[in-house]
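If you read the protein sequences in the order shown, they are chains A and B. With our numbering, the residue at position 101 of the first sequence is 781, and numbering never jumps. With our numbering, the residue at position 182 of the second sequence is 216, and numbering never jumps. What follows is one structure encoded as structure tokens, with my remarks underneath.
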Amino acid sequence: MGGVFAAALVAAAILAPVIAPYQYAAQDTRPGCQNAPPSPAHMLGTDDLGRDVFSRLLYGARVSLAVAFGVQLVDLLVGVGLGLLSGYYGGRLDHLIMRITDVMFAFPDLLLAILIMAIAPPSLLNVFVALGAVSWPSMARLVRGQTMSLRALEFVEAARALGASDARIMLRHVLPNLLGPVVVAMATGMASVILAESTLSFLGIGIQPPYPSWGTMVSSAMNSFRSYPLQVVIPAVTLACAVLAFNLLADGLRDSLDPRMRGL
Amino acid sequence: MMTPPVLSIRNLHVEFPTKRGVVRAVSGLDLDLWPGRSLGLVGESGSGKSVTALAILRLLPCPPARTSADRIELNGEDLMAASPSRMREVRGAEVGMIFQDPMTSLNPSMTVGQQVAEALSQHHLATKREARRLAVEALARVRIPNAERVARQYPHTLSGGLRQRVMIAMAIAPRPVLLIADEPTTALDVTVQAEILDLLRELRAEYALTVLLITHDLGVVSEFCDEVAVMYAGRIVERAPAERLFSSPKHPYTLGLLASLPGLSPPQGGRQRLNAIPGQPPDPASIPSGCPFHPRCPRAMPACSAQEPPEVELDAKQQVSCLLYS
């Protein structure tokens, strides 16, 4: 159910240039076409500059999902990688990595992302960096815990008794068995990154105009909220639905990947 | 007996420092395995059998375990001095190992064919493609029907007996010279146990394998082993050829173990009580002084608590560590 909506969202984002009736920055300069209510020409109306809201919404989905996927990739490489090393080797390396994650956890996520964005010039790449930097520690924690419990299982011992090297045990015997929780965490992560990206953009330090993001759409419409509430409501509702969709997807994945939950 | 032993262990000690003191899991163990023979290492839980097996392959995590030995020689090569990469070659390629619980000893996320193939390809004994073919062959050789199809299945779809066969296929596919089987039948039910033992016996004859069988089940020993070493509290208390151990056991502990086996036919008069050895195996953190068995021994003498009994050679084949015979 969550999967269907999430898939539709991804499809819409990829196909945005095809589906969107207008360019995201194209202005309809005819009189009466600014802040217009929904009409056959503009199905969700236009904003204060006469830009088509529906088109901007589609392009905004591109940004949100690109950032979300990018950050998940960072999680996958950095978070899973460090978590695996930490959980497998233990000892000093584990201590070091876990203290780093502790430090990262001590900062409020959003504040740290804002800090990074304040230092670095706002760009799509830096949004990745900022959100990636705050999201990998929880993935590392998760993977470390899973690795530690898997490492103690007999088949890992058996693999070692048959002469497998550490790298092989990690990649072939441990990693595949923790993919379930990792996939679930990634789906949840998608939701929170989408929200975080919109927050940064709303605050004006994320995606820069004229490129649309759901966050910037809400913030620019805030000024005329009383007169044209629809322009705030539409991106906000889309955002809420997207977050809900990925959370439902995560739930669904958890149920189908957890053998204990199967058939209940 | 002119050929050198496949495996020769002298004075093996394994200790685990714990909060309650040092746990001496194995103290001063000597063991020789001769080519093509099978030795049963018997003892209660906690007597140090499995730790011995893991110590041979240097698989004990090194803190906390402290392992020392005058030598652990595999075909004349001292494993105590071997490099980590050499040890990885030895594991699997030269010494195969079968674990107790086939339910948890296979990777749930790989097909059994892949797992057997990996046992081969990780030692570069075969290319990836050959390894696949050899894996199916190995599965067929451990009498798995439909090996081709089973190779593509995941462990959770197989029964315990089949999984143990897969474990055996993994262990023997690289053609090791020594097979260590740690309680290979304990987790299986009795009929499957018999099948697995039959299989191991066939494979042993086929490959002239040397086997170290670790078990607490004297029945398994009598069926499978040429020689037996009885362990108690980290020491070997008696060693003898299998039939000799059953016909004329010498150490009071061995006697107790044999007496505690249920007989096949009940004696005259109906009921038979199982003869248990009184007491509990000693806490490995505080092993009694002298002979560790003396608090439970029906024939204990005052000297038993003072003096650790030396190993006495009754004849060329039977040795016992008990003051009754010295």
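Ideal placement from N, C-alpha and C gives every residue a C-beta, glycine not left out. Being a predicted model, the structure only gives us computed values, none of them experimental.
{"Asked": "Does the stretch 246-259 of chain B touch the stretch 163-172 of chain B, meaning 3 or more C-beta pairs lie closer than 8 Å?", "Found": "no"}
{"Asked": "Between the stretch 784-804 of chain A and the stretch 827-847 of chain A, are three or more C-beta pairs nearer than 8 Å?", "Found": "no"}
{"Asked": "In whole angstroms, what separates the C-alpha of B:I132 from that of B:T145?", "Found": "18 Å"}
{"Asked": "From the beta carbon of A:E837, is the nearest beta carbon of chain B less than 9 Å away?", "Found": "yes"}
{"Asked": "Just how far apart, CA to CA, sit B:E217 and B:P318?", "Found": "21 Å"}
{"Asked": "Express the C-alpha separation of A:S744 and A:I874 in angstroms, rounding to a whole number.", "Found": "5 Å"}
{"Asked": "Which residues share a DSSP beta bridge with A:T709?", "Found": "BP columns for A:T709 are empty, so no partner."}
{"Asked": "Using only alpha-carbon positions, find the residue among B:P51, B:L63 and B:L237 that is nearest to B:R273.", "Found": "B:L63"}
{"Asked": "Do three or more CB pairs link the stretch 166-183 of chain B to the stretch 111-126 of chain B at distances below 8 Å?", "Found": "no"}
{"Asked": "Candidates B:P189, B:G130 and B:D349: which alpha carbon is nearest B:E139's?", "Found": "The identity of residue 139 of chain B in the sequence shown is Ser, whereas the question assumes Glu. When only C-alpha atoms are compared, the closest one is B:P189."}
{"Asked": "Spatial neighbours of A:L944 within its chain, please: C-beta separation below 6 Å, excluding the five flanking residues on both sides.", "Found": "Note on A:L944: pLDDT 40, under 50, position unreliable in the model; the coordinate value appears next. Here the set comprises nothing."}
{"Asked": "Got a sec: which bits of the stretch 814-843 of chain A sit with their beta carbon under 9 Å from any beta carbon on chain B, in order along the chain?", "Found": "L833, E834, F835, V836, E837, A838, A839, R840, A841, L842 and G843"}
{"Asked": "For B:Q353, which residues does DSSP report across the bridge?", "Found": "B:R273 and B:E347"}
{"Asked": "For A:C921, is the classification buried or exposed, using 16 other Cβ atoms within 10 angstroms of its Cβ as the cut-off for buried?", "Found": "exposed"}
{"Asked": "Can you give me the start and stop residues for the alpha helix (DSSP H) that B:R167 sits inside?", "Found": "K162 to R175"}
{"Asked": "Provide the residue span of the beta strand (DSSP E) that contains B:L75, from first to last.", "Found": "S72 to V76"}
{"Asked": "Determine, for B:T138, whether the minimum Cβ-Cβ distance to residues of chain A falls below 9 Å.", "Found": "yes"}
{"Asked": "Between A:S744 and chain B, is the shortest Cβ-Cβ distance under 9 Å, so that the two count as touching?", "Found": "no"}
{"Asked": "Spell out whether any CB of chain A is found under 9 Å from the CB atom of B:A153.", "Found": "yes"}
{"Asked": "Per DSSP, what kind of secondary structure is A:M941 in: helix, strand or coil?", "Found": "Per-residue confidence for A:M941 stands at a pLDDT of 48, beneath the threshold of 50, marking its modelled position as unreliable; the derived number appears in the next sentence. In the structure shown, A:M941 sits in coil (DSSP, three-state: anything other than H, G, I, E or B)."}
{"Asked": "Between which two residues does the alpha helix (DSSP H) harbouring A:E834 extend?", "Found": "E834 to A841"}
{"Asked": "Return helix, strand or coil for B:E111, following the three-state DSSP convention.", "Found": "strand"}
{"Asked": "Using the beta-carbon count (16 or more within 10 Å), is B:V271 buried or exposed?", "Found": "buried"}
{"Asked": "What residues from chain A crowd round B:R122, counting only those whose CB sits closer than 8 Å?", "Found": "G843, A844 and S845"}
{"Asked": "Following the continuous beta strand (DSSP E) through B:M131, name the residue where it begins and the one where it ends.", "Found": "V129 to I132"}
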